[in-house]
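> Starting off with a structure, shown below.
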Amino acid sequence: MEKQNHFQSRNSEVRIKINQKNMIEGDLILPTSGTSAKGIVIFAHGSGSSRHSPRSKYVAHVLNDVGIATLVVDLLTLEEETVDNLTKEHRFNIALLAQRLISCTDWTLQNPELKNLKIGYFGASTGAAAALVAAAARPNVIRAIVSRGGRPDLAGKEVLNQIEAPTLLIVGGNDKKVIELNQNALKMFTRIEKKKKLILVPNATHLFEEEGALEEVARRASGWFECFFLE
Numbered sequence: 000m001e002k003q004n005h006f007q008s009r010n011s012e013v014r015i016k017i018n019q020k021n022m023i024e025g026d027l028i029l030p031t032s033g034t035s036a037k038g039i040v041i042f043a044h045g046s047g048s049s050r051h052s053p054r055s056k057y058v059a060h061v062l063n064d065v066g067i068a069t070l071v072v073d074l075l076t077l078e079e080e081t082v083d084n085l086t087k088e089h090r091f092n093i094a095l096l097a098q099r100l101i102s103c104t105d106w107t108l109q110n111p112e113l114k115n116l117k118i119g120y121f122g123a124s125t126g127a128a129a130a131l132v133a134a135a136a137r138p139n140v141i142r143a144i145v146s147r148g149g150r151p152d153l154a155g156k157e158v159l160n161q162i163e164a165p166t167l168l169i170v171g172g173n174d175k176k177v178i179e180l181n182q183n184a185l186k187m188f189t190r191i192e193k194k195k196k197l198i199l200v201p202n203a204t205h206l207f208e209e210e211g212a213l214e215e216v217a218r219r220a221s222g223w224f225e226c227f228f229l230e
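Just so we're aligned: 8 in numbering that gives the first Met the number 0 is position 9 of the sequence shown, and the numbers increase by one with no gaps anywhere.
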């Protein structure tokens, strides 16, 4: 799944303060082709995953390839990840994950190099629910959302009714339970009737491990962000 970037890029590790004592870590990639980035997409990974997920990294590289900056972050601290690996107590704490995503968003808005970029969210699995909650909390900031195999139901009906950012839900065609959850969520996006879409990737399962499946996710996500970043 390696892809040759058309845009040169500059990679850096960042640390984002979440309270007086703790920070979370992320990988920031900025296209440096001589033109400014079209926007920046902040990634919220799913249950038990991390910013080192090959799936997230691949999608991020595809976005970088079209001139979109990416920030792929671990929403839990190292200590929280250690606990979560044993107890799984944090990965479904949508409120906590959403608050961390909001911290990343505010950090982006305060960064002199990034503050003028349009911001989008890419959420996978439970990370998609966190992205929706965070987007509802920052309605004037988030320009587009893409969910991969997401659990939008975990965001709650009240949040789904508040979403104003154009939202693309991508689900594997063989991920039957998650298809139904996303179909139900799509009906609740009442404020974005003409800017919401559900795409089923044929023959794909929850992790999009089938040949060509993740490439289709990345292609669709890239087109969605490009479209609404350029509005």
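Note that beta-carbon positions come from the ideal geometry of N, C-alpha and C, so glycine has one too. All figures in this text were calculated on a predicted structure; none of them were measured in a lab.
Since E24 sits in a beta bridge, which residues does DSSP pair it with?
In the sequence shown, the residue the question calls residue 24 occupies position 25. Answer is R14, bridged to E24.
> Per DSSP, what kind of secondary structure is T69 in: helix, strand or coil?
Taking the first residue of the sequence shown as 1, we reach residue 69 at position 70. Strand at T69.
> Quick one: grab the DSSP three-state call for K175.
Taking the sequence shown and counting its residues from 1, the one referred to as residue 175 is at position 176. Helix.
> Here's a check: name, in chain order, each residue in its chain whose Cβ is nearer than 8 Å to the Cβ of G33, leaving out the five neighbours to either side.
The count along the sequence shown starts at 1 and reaches residue 33 at position 34. Residue placement at G33 cannot be trusted, given a pLDDT of 44 that sits under 50; the coordinates are not used to answer.
> Going by alpha carbons, who is nearest to A36 out of V58, K20, I67?
Residue 36 sits at position 37 when you count from the first residue of the sequence shown. Considering only alpha carbons, the answer is I67.
> What is the residue span of the alpha helix (DSSP H) that F224 lies within?
Translated into positions along the sequence shown, residue 224 becomes position 225. Element bounds for F224: 212-228.
> Closer than 7 Å by C-beta to N202: which residues in its own chain qualify, once you throw out the five before and the five after it? Chain order, please.
Here residue 202 corresponds to residue number 203 of the sequence shown, with the count starting at 1. Answer for N202: G172, N173, E209, listed in chain order.
> For L153 and A128, what's the separation of their Cα atoms in angstroms?
Mapped onto the sequence shown, residue 153 falls at position 154. Mapped onto the sequence shown, residue 128 falls at position 129. Answer to the nearest angstrom: the Cα atoms are 6 Å apart.
> Looking at the structure shown, is R54 part of a helix, part of a strand, or coil, going by DSSP?
Counted from its first residue, the sequence shown places residue 54 at position 55. In this structure, R54 counts as helix in the three-state DSSP scheme.
> Using C-beta distances below 8 Å, list every residue in its chain close to L229, excluding the 5 sequence neighbours before and after it, in chain order.
Against the sequence shown, residue 229 aligns to sequence position 230. Hits under 8 Å: K37.
> Looking at S11 and L27, is the spacing between their C-beta atoms short of 9 Å?
Numbered from 1 along the sequence shown, position 28 holds the residue referred to as residue 27. Numbered from 1 along the sequence shown, position 12 holds the residue referred to as residue 11. In contact: L27 and S11 (Cβ atoms closer than 9 Å).
> Would you mind listing the beta strand (DSSP E) stretches within the segment 80-155 that are 3+ residues and don't spill past its ends, in chain order?
Runs found: 118-123, 141-147.
> What does the alpha-carbon distance come out to for the pair R137 and E24?
Here residue 137 is taken as the residue at index 138 of the sequence shown, counted from 1. Here residue 24 is taken as the residue at index 25 of the sequence shown, counted from 1. Those two C-alpha atoms are separated by around 22 Å.
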